[in-house]
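Worksheet: the structure to be examined is printed underneath.
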Amino acid sequence: MLINMIKNGFIVFEKPRRVVIKYRDLPKPSGKQILVKTSMTLISTGTELTVLSGDFPPKSAWAEYGKYPFIPGYSNVGIVVEKGREVKDIDIGDRVASTAPHSQYALISSKDVVKIPDKVSDEEAVFHTIAIIVMNSVRLARISLGDCVIVMGVGLLGQFAIIFSKLCGGFPIIAVDLSEKRLRLAKISGATKTIIGNNIYDKIYELTDGRFADIVFEVTGNPKVIPKAIRLLRPLGKFIVLSSPRGPTLLDFHDEVNRPSRIIIGTHNSSHPLYETPYNPWTMKRNRELFFKLLENKIIDVKHLITHRYWWMDADKAYSMLLKNRTQAMGVILDFKK
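So for the sequence shown, my numbering puts the first residue at 332; every next one is plus one.
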């Protein structure tokens, strides 16, 4: 087929703050593989900017993950253009979501994609990986009806923490950030109160009638914020680490954790179960399917989170904008359809 003669373009971080496009031969699917032509991808502003900036300690998990050259991207929407002989449940022409990177084409196992319903647009679906990261975190938080939820940092992950906390019955939901633009979007996402600034202890005391929060989501990624954020919890409250902090945190575990019996829960995306079990049936695939059903049935909305669109070959401009001031952007989409 002619398609096998095409060079596949993809984005690469060659070194800190250097974004380039490279090409390699387009692979042909075999067995249970499918070939997907990318329609659009979403920049994960937290993960990708951390790697691109090189702003992480040496010998850390970040340093191990973000080795250069680095191929970014894990929220891809595209169309199946070819498939292996053993693929039975996916047809050529199907729209699918996957964790493929920012590339024109992607060769993927058919079991690792989810079909996108007709009523869900590409621009809605492209948030799928960000959504399931937060869905997993919210499940582990075990939010109960009427739980006071504080979301510290309302970038993309924080916006979805608000959306899903509200869906689970969290109330009030208090959004905290340094950006007025982000906080305006947080109100649309479902926050009942917003606070701008660093010194917020007294404000939280007042808003909660002195009870403080049942649950705090840490989504800033700033190690220095964590000790302050934990103090916003009531005794036995839950501190949910949704971000991937970029460095060590100094914390008095006796005064801030042990004595008030607060609970710290790490909720990295890798804690998704690989297979459905009676104890936890919510795999990445099932969470993606649920995300699409919520969109399809108009139970949640994400369109207000789209702030920027770039032609994929102008990705360097997108990353440059984000490196200068990421607080002015939320959902940054790379378009591959021109």
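Using N, Cα and C, we set each Cβ at its ideal position, and we do this for glycine too.
Being a predicted model, the structure only gives us computed values, none of them experimental.
{"Check": "CA-to-CA distance, residue 388 to residue 549, given in whole angstroms", "Outcome": "20 Å"}
{"Check": "Start and end residues, alpha helix (DSSP H) containing residue 624", "Outcome": "615-627"}
{"Check": "Reference residue 363; option with closest CA among 372, 614, 422", "Outcome": "422"}
{"Check": "Residue 447 and residue 428 closer than 7 Å at C-beta", "Outcome": "yes"}
{"Check": "Rounded separation between residue 391 and residue 450 - CA only", "Outcome": "42 Å"}
{"Check": "As assigned by DSSP and simplified to three states, the class of residue 550", "Outcome": "coil"}
{"Check": "Buried/exposed call for residue 598, threshold 16 Cβ in 10 Å", "Outcome": "buried"}
{"Check": "Contact between the segment 356-374 and the segment 434-446 (3+ Cβ pairs under 8 Å)", "Outcome": "yes"}
{"Check": "Own chain residues within Cβ distance below 6 Å of residue 635, not counting five before or after", "Outcome": "519"}
{"Check": "At least three beta-carbon pairs within less than 8 Å, the segment 645-658 to the segment 624-631", "Outcome": "no"}
{"Check": "Residue 506 - partner residues in DSSP beta bridges", "Outcome": "482, 525"}
{"Check": "Residue range of the alpha helix (DSSP H) that includes residue 387", "Outcome": "First-last for residue 387: undefined, no H or E at that position."}
{"Check": "For residue 585 and residue 457, the rounded distance between their alpha carbons", "Outcome": "43 Å"}
{"Check": "Residues near residue 333 in its chain [Cβ-Cβ closer than 8 Å; skip 5 each side]", "Outcome": "Low per-residue confidence applies at residue 333: pLDDT is 46, beneath 50, and the placement is therefore not dependable, though the value from the model is reported in the following sentence. Once the five neighbours on either side are set aside, residue 333 has no close Cβ partner at all."}
{"Check": "Residues near residue 433 by beta carbon distance below 7 Å, same chain, minus five either side", "Outcome": "341, 342, 372, 403, 404, 643, 646, 665"}
{"Check": "Candidates 348, 370, 470, 483, of which the one nearest residue 426 by Cα", "Outcome": "370"}
{"Check": "Test item: CB-CB of residue 413 and residue 347 under 7 Å", "Outcome": "no"}
{"Check": "Minimum Cβ-Cβ distance from residue 610 to chain B less than 7 Å", "Outcome": "The structure shown contains no chain B; it holds only a single protein chain."}
{"Check": "Beta-carbon spacing of residue 587, residue 561 below 7 Å", "Outcome": "yes"}
{"Check": "Classification of residue 533 by the beta-carbon crowding that lies within 10 angstroms, buried from 16 upward", "Outcome": "exposed"}
{"Check": "Beta-carbon separation (whole angstroms), residue 570 vs residue 594, contact threshold 8 Å", "Outcome": "7 Å"}
{"Check": "Start-end ranges of the alpha helix (DSSP H) lying completely within the segment 626-669, minimum 4 residues", "Outcome": "646-656"}
{"Check": "Where residue 477 falls, given that 16 or more other Cβ within 10 Å makes a residue buried", "Outcome": "exposed"}
{"Check": "Identity of the residue in 525, 500, 378, 399 nearest residue 461 by Cα", "Outcome": "378"}
{"Check": "DSSP-derived helix/strand/coil call for residue 535", "Outcome": "helix"}
{"Check": "Beta strand (DSSP E) runs wholly inside the segment 415-492, at least 3 long, in chain order", "Outcome": "426-429, 436-440, 480-483"}
{"Check": "Local conformation of residue 557 per DSSP, three classes", "Outcome": "helix"}
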